[in-house]
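Student: In the working numbering, the protein residues as written are 5 to 514.
Take this structure, written in structure tokens, and hold onto it; I'll ask about it next.
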């Protein structure tokens, strides 16, 4: 039977069982589509990375004998619309059956279901064979529970997959070493020079310009530095194990003006495009750890495993449990517009200048920059979650909606009212100063709450708690901060609110 099989741009799993055997009656189709480049405005490096990864995937499998139809963004026969492309190539290949891998974005899942209903031939969807969990496993696990605390899910996953377990107990005697993962990096230990690739992407940039694809952000046409092939991705994984894992856990929350990546792996794009699977990443890290146990503390490894086995799978489960309603949630009723400096990085606040500037330069920021610098500011200034979602989805090279929206609308903006997080992740300048050197080079004082040189985060923090007190009055995790708010006299609170409103009204002046 002749079959046409669709591969989406984030389904680049060469280890999938589809590719175990070469079948001359099976044709695979991949397409670079305006549908995907345009549904949100993307960072130029993100578009380049996906197109390069897709082309590499096609080349590798073609070399193994598989038949591929590949439509580049500028190809005249590229109809740019998924429905049209599928139906056109069913005719051209005389396919008797259409097959596809289950998408990880709700919009594509619905689109493909609708397309299949309109086909004249049979169709079937298959699992991507990437995640540890099914779409519904998290929902089944928490069935009947009022709250979905990630820690319980993480422990279940550790037990189920026998990861870092010994006789039914967690190795090291603890499930979670998070308290050990909060050190401030002060220049030591030395960070090895990052693994680089320096690829020339001028050809793809010319194609994108010809196709008039609208993007933002910065790129070096002669020195693109992200792993987009399986070979390069495995190389980055090996480099992480050998050079960075030993200090990863300690400094995974640290921030520094001189180091953009610190000890982070830079594997998120490779994983979210499915070039690498979470299992092979965890297996490689654990194999290296067990071979070098005397040199690497378990807290370094557990912190990394928790992000992948726990948080990544947890966020995907939340996504499929709560969509499509989740995309509309705005429980704190925030409606302010995104400041212009989100697109330029031009702000007097040193922490935001570095975090946003890095995002625009590298299409990357690590989780604390995303959560406690940019996301913290967005929530304290009460930006509309729709605008925040679009920016995060567009700017980061690893951002695909299933992982972006749960982290942004949920964890960062608390717009889901507590589905993902039990409290809003907001802070004054004290936390930023504790975890970074950003405050030292800033024109604002992190110790001052009001006045022209007072750090905006301080007044914004207390103003936010005051304006949203009805939302948090029954949240026991907010009791301490709300009680401190109650102790502030009217004059102090009025000064804080006045300063905060000046910032919220004119964000690009600060």
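For every residue, glycine included, the Cβ atom is placed at its ideal position computed from N, Cα and C.
The structure presented is a predicted model; accordingly, all values stated were derived computationally and were not measured.
1) Please classify residue 491: is it buried, with 16 or more other beta-carbons within 10 angstroms of its beta-carbon, or exposed?
2) Exposed or buried, which one is residue 99 when buried takes at least 16 other CB atoms within 10 Å?
3) Compute the Euclidean distance between the alpha carbons of residue 85 and residue 38, then round it to the nearest angstrom.
4) If I'm right that residue 245 touches residue 201 with Cβ under 8 Å, what's the distance once you round it to whole angstroms?
5) With distances taken Cα to Cα, identify the nearest neighbour of residue 160 among 334, 313 and 328.
6) Could you tell me which residues DSSP pairs with residue 170 in its beta bridges?
7) For residue 221, which residues in the same chain have their Cβ closer than 7 Å to its Cβ, ignoring the five residues on either side in sequence?
8) Less than 8 Å separating the beta-carbons of residue 376 and residue 435?
9) Taking 8 Å as the cut-off, does the stretch 179-189 touch the stretch 286-304 (at least 3 CB pairs, one atom from each stretch)?
10) Within 10 angstroms of its Cβ, does residue 543 collect 16 or more other Cβ (buried), or is it exposed?
11) Counting only the same chain and skipping the five closest in sequence on each side, list residues whose C-beta sits under 7 Å from that of residue 349.
12) Just checking, does the stretch 7-27 make contact with the stretch 104-116 on the three C-beta pairs under 8 Å criterion?
13) Assuming the contact rule is C-beta atoms closer than 8 Å, residue 336 and residue 475 should be a hit. Round their C-beta distance to whole Å, please.
14) Which class does residue 31 belong to by DSSP, given the choice of helix, strand or coil?
15) Would you kindly check if the distance between the Cβ of residue 450 and the Cβ of residue 467 is under 8 Å?
16) Using the beta-carbon count (16 or more within 10 Å), is residue 513 buried or exposed?
17) Consult DSSP for residue 104 and reduce its assignment to one of helix, strand or coil.
18) Could you check which residue in 388, 92, 506 and 126 has the C-alpha nearest to that of residue 333?
19) Judging by CA-CA distance, which residue of 134, 214, 386 and 67 is the nearest neighbour of residue 343?
20) Among residues of its own chain, excluding the 5 on either side of residue 60, which ones have a beta-carbon nearer than 7 Å to its beta-carbon?
21) What number of angstroms, rounded off, separates the C-alpha of residue 35 from the C-alpha of residue 511?
22) Pair every Cβ in the stretch 112-127 with every Cβ in the stretch 76-96, then say whether three or more of these pairs are closer than 8 Å.
23) Using the rule of at least 16 other Cβ atoms within 10 Å of the residue's Cβ for burial, across every protein chain shown, is residue 20 buried or exposed?
24) Which residue's Cα is closest to the Cα of residue 238: 256, 269 and 488?
25) In whole angstroms, what is the alpha-carbon distance linking residue 431 and residue 481?
26) Please confirm if the stretch 317-331 is in contact with the stretch 199-215, defined as three or more CB-CB distances below 8 Å between the two stretches.
27) Identify which residue in 209, 471, 315 and 277 has its Cα closest to the Cα of residue 133.
28) Taking the alpha helix (DSSP H) that residue 279 falls in, what are its first and last residues?
29) Take residue 445 and list the residues in its own chain whose beta-carbon comes closer than 7 Å to its own, dropping the five residues that flank it on each side.
30) Is it buried or exposed for residue 68, if we count other Cβ within 10 angstroms and need 16 for buried?
31) Return the first residue and the last residue of the beta strand (DSSP E) that residue 138 is part of.
32) Should the stretch 404-418 be called in touch with the stretch 455-469, which here means at least 3 C-beta pairs below 8 Å?
33) Taking Cβ to Cβ, would you say residue 500 is nearer than 8 Å to residue 44?
34) Over the uninterrupted alpha helix (DSSP H) stretch that includes residue 71, give me the two end residues.
35) Distance, Cα to Cα, residue 57 vs residue 147?
Tutor: Short version:
1) exposed
2) buried
3) 7 Å
4) With a Cβ gap of about 18 Å, residue 245 and residue 201 do not count as contacting.
5) 313
6) 173
7) 47, 48, 49, 364, 367 and 399
8) yes
9) yes
10) This structure does not reach residue 543, given that the chain is present from 5 up to 514, and the question cannot be answered.
11) 357, 360, 361 and 364
12) yes
13) 6 Å
14) strand
15) no
16) exposed
17) strand
18) 388
19) 386
20) 232 and 233
21) 41 Å
22) yes
23) buried
24) 269
25) 14 Å
26) no
27) 277
28) Here residue 279 belongs to no alpha helix (DSSP H), and DSSP marks it neither H nor E.
29) 261 and 354
30) exposed
31) Residue 138 -> no beta strand (DSSP E), and no H or E assigned at all.
32) no
33) no
34) Counting along the chain, residue 71 falls outside any alpha helix (DSSP H), though it belongs to the beta strand (DSSP E) covering 71-75.
35) 38 Å
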